[in-house]
Every structure is written in C-alpha cells, then in structure tokens.
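J.: The structure that follows is given in the form of structure tokens.
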C-alpha cells in the first residue's frame, strides 16, 4: 500500500477520534521493532559483512468499541518487501461479541489460529517468528470468517474455527478455501496445550510424467505445550505438513506427496525485573524425501528491560543447513510500544 493511500487513512482516523465523545474514543496504539545487525557469515556467501540499522516492523492500531455487542480493529503494518519499506493493512475485522453463549464471531482480515497462542507464549516476536510463521507453513493473517469461544463454563477448553481465502491479505483469485481449527486446553493457570489442524483445497495440478491431472490439496497439523513456573517460561511446538502431488522424486517418476515437519523449543528466564535470558532451537525438514535440505535455527539473547514498554536485546541467531556454511548474525534488537 503506497504512502498516498496510507497517510489519508491515518489522517481520517485521527480526525474521527477528535470528533467522537470522550466516553467512546477509539484506542490508538503502536509498536516498533528492529535491529542493528552484522552478517558475519551467510549461506549464500553474497551478504557477508553487511551490517546496519533496520526497522523490521512498525504497527499502528486503532481499536474501537462500537457497542456492547460489536468491536473492531484496524491495523497498519510497515515492513520490508524486497528492497522497499512498504505499508499494508494487517488487520481489518469486526467482532460480534457473544453471538451465542460463550462464543464470538469475527469477519474480515484477522489472525489465523495456527500460532496465535504459541506466539503469545513465546513472547519474543521482535526477536524471531514462531516456527510455523518463520518457515511459511501458515500465514499469520487470512481474510475470512471466525468463530471462537469456550467449550466449558470455566474456559479451560476453548475452540477456534476459521474459513479463509488462503490468500493472506491479498485478493481472492480462485474458488478454493482454507479451513482452520484449533483446540486449547488449560488444565492449570500456568499450563496451556493446543492441537491444530487445517485443510487447504487447491486446483488440480498436471503430472507431466503420467499426462494426467492430480490433486494438490494440503493439510497441516501442529501441537503446542506452554508452561511457566515462577520466573521460568518454557514452550515446545511441532508440526507436520503434507502437500499432495507437489514434487518429482526423479526424472523418471510421477508426482509425489511432499511431507514436511519441524519442532521448536524455547525457554526464557527472568533474572530480575530488568533482565531476562532467552534461548530457542528449531529443526525444520522441508521435504522428508530429499537429503541435505534441512535446517536448524539457534537463538540466544539477553533481554534488557529499562521500561515495561521498552526492550533492548543483544542476541545472536545461527542457522545451519544440510549443506554449505551456516548463517551467523549477531544483532542488537530493540522494541517499544505505545
């Protein structure tokens, strides 16, 4: 989205906010995060020694309570797309609170269920995405319809269903949809478990070996466990993805299913009010039928918190590959919200 469009949108919302009564003002908020980075080594050898300061994300959010039954959010996100820093709509949804007892409905551009819970538990999106997001297994947003709520009176078991275009924040250009589902179980205040499943329908794909058309649908399943005890937080997340008829094992074989899987484990420990230590390790296998295509991500950080809304975190991220040199990138990451 160009600045010619974004600036009038922001101006419009600011003007509206001054004209609404004080009892019904929209809530304006934002966050910013980025780094000073130094590419000590890169797998492609083309970006070694590159260093500099960068913003990775800037959010500007407007939340508005229309009535007791309806609320809405509009969020803009600025990020790097290639070599350009662009601004797009991140969220634009309407929520019907309590559409029936214990459940809310949403329509519009909104989060997907896949890793919303695990990302909140991880708590360090400004350092890195969760494994499903990082490896582009599931998008963080989709345009569609959501239904979410409690399955038990005390809220220990929750559900989240969604049907979306499977086009992220882009325009829909086909008839196929993605169907999301998540169950969340919280047997104790400091323990959360989730089970996730989605199914993506897709058009037929031509198999050049058999000269026939085959399904190219996909499924994703994942599980997450998050636990906290005093100053320690721990999480582990795993996933499996299957895409039907998505690659050729060889030049003499027909299309085969692509199977991917991964696992991520992290922990952060609070030493005192101003300092936390963070560690994470991921393993990702993009295609179990191919060799030397896997990668492992290792992240270690010290999170200095001079204010509850400000974080400064020296960290290092290392990604090793099945072949070639690893990526080694030390950074000083910064984050603030308002």
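Residue numbers (the UniProt record's numbering): 1 to 338. For glycine and all other residues, C-beta sits at the position ideal for the given N, C-alpha and C. Just so you know, these numbers come straight off a predicted model, no measurement behind them.
If I measure Cβ to Cβ from residue 320 and keep anything under 7 Å in the same chain, skipping five residues before and after, which residues do I get?
T.: Result list for residue 320: 295, 296 and 326, in chain order.
J.: With distances taken from CA atoms, which of 128, 292 and 242 is nearest residue 333?
T.: Of 128, 292 and 242, the residue nearest in Cα terms is 128.
J.: At what residues does the beta strand (DSSP E) containing residue 228 begin and finish?
T.: Unbroken beta strand (DSSP E) run through residue 228: 218-229.
J.: Three or more C-beta pairs closer than 8 Å, one from the region 86-103 and one from the region 171-185: is that the case here?
T.: Flag = no, the region 86-103 and the region 171-185 do not touch.
J.: Can you tell me whether DSSP reads residue 288 as helix, strand or coil?
T.: If DSSP states are grouped into helix, strand and coil, residue 288 belongs with coil.
J.: If you follow the beta strand (DSSP E) that residue 200 is part of, which residue opens it and which one closes it?
T.: Per DSSP, residue 200 belongs to the beta strand (DSSP E) from 191-200.
J.: Please go through the region 54-96 and give each complete beta strand (DSSP E) segment of 3 or more residues, from N-terminal end onward.
T.: Entirely contained in the region 54-96, the beta strand (DSSP E) runs reaching 3 residues are, in chain order, 70-81.
J.: Three or more C-beta pairs under 8 Å: does that hold for the region 258-273 against the region 237-245?
T.: Yes, the region 258-273 is in contact with the region 237-245.
J.: In angstroms with no decimal places, state the Cα-to-Cα distance between residue 302 and residue 27.
T.: Looking at the two C-alpha atoms, the distance is approximately 32 Å.
J.: Please report the distance separating the alpha-carbon of residue 267 from that of residue 114.
T.: In a straight line, the C-alpha of residue 267 is about 20 Å away from that of residue 114.
J.: As a quick exercise: from 337, 140, 318 and 192, pick the residue whose alpha carbon is nearest that of residue 282.
T.: Ranking the options by Cα distance to residue 282, first place goes to 318.
J.: Assuming residue 239 contacts residue 222 under a Cβ cut-off of 8 Å, what Cβ separation, rounded to an integer in Å, is found between them?
T.: Yes, they are in contact, since the Cβ atoms of residue 239 and residue 222 sit about 4 Å apart, within 8 Å.
J.: How big is the Cα-Cα spacing for residue 78 and residue 168?
T.: Their Cα atoms are separated by approximately 16 Å.
J.: Taking residue 198 as the reference, give the member of 214, 183, 188 and 211 with the closest Cα.
T.: Out of 214, 183, 188 and 211, 183 has the C-alpha closest to the C-alpha of residue 198.
J.: Indicate whether residue 34 and residue 60 have their beta-carbon atoms separated by less than 7 Å.
T.: No, the Cβ-Cβ distance between residue 34 and residue 60 is not below 7 Å.
J.: Under the DSSP definition of a beta bridge, which residues are partnered with residue 332?
T.: In DSSP, residue 332 forms a bridge with 36 and 314.
J.: If we call anything under 7 Å between Cβ atoms a contact, is residue 37 one with residue 329?
T.: Yes. Within cutoff.
J.: Would DSSP call residue 151 helix, strand or coil?
T.: Three-state DSSP puts residue 151 in coil, outside helix and strand.
J.: Taking Cβ positions, are residue 103 and residue 149 nearer each other than 7 Å?
T.: Going by C-beta atoms, residue 103 is nearer than 7 Å to residue 149.
J.: Would you decide whether residue 204 is buried or exposed? Buried here means 16 or more other CB atoms lie within 10 Å of its CB.
T.: So residue 204 ends up on the exposed side.
J.: Select from 284, 311, 331 and 315 the residue whose C-alpha is nearest the C-alpha of residue 322.
T.: Answer by Cα proximity: 284.
J.: Quickly, what does DSSP pair residue 282 with across the bridge? List them, please.
T.: DSSP output for residue 282 lists 264 and 297 as bridge partner(s).
J.: With residue 110 and residue 91 assumed to form a contact (beta carbons below 8 Å), what rounded beta-carbon distance in angstroms separates them?
T.: Yes, residue 110 and residue 91 are in contact; Cβ-Cβ is about 6 Å, under 8 Å.
J.: With distance defined between alpha-carbon atoms, name the residue in 211, 292, 277 and 254 nearest to residue 300.
T.: Out of 211, 292, 277 and 254, 277 has the C-alpha closest to the C-alpha of residue 300.
J.: With a cut-off of 8 Å on the beta carbons, I'd call residue 231 and residue 118 a contact; round off their distance for me.
T.: About 20 Å; that fails the 8 Å criterion.
J.: Mark residue 209 as exposed unless 16 or more other C-beta atoms lie within 10 angstroms of its C-beta, in which case mark it buried.
T.: It is exposed - the Cβ of residue 209 has fewer than 16 other Cβ atoms within 10 Å.
J.: Secondary structure at residue 119, three-state DSSP: helix, strand or coil?
T.: DSSP places residue 119 in helix when its eight states are reduced to three.
J.: Whose C-alpha, out of 331, 335 and 324, is nearest the C-alpha of residue 46?
T.: Checking every option, the nearest Cα to that of residue 46 belongs to 324.
J.: Helix or strand or just coil, what does DSSP make of residue 102?
T.: Correct three-state label for residue 102: coil.
J.: Rounded to whole angstroms, what's the CA-CA distance from residue 290 to residue 316? Just pull it up for me.
T.: One C-alpha to the other measures close to 29 Å.
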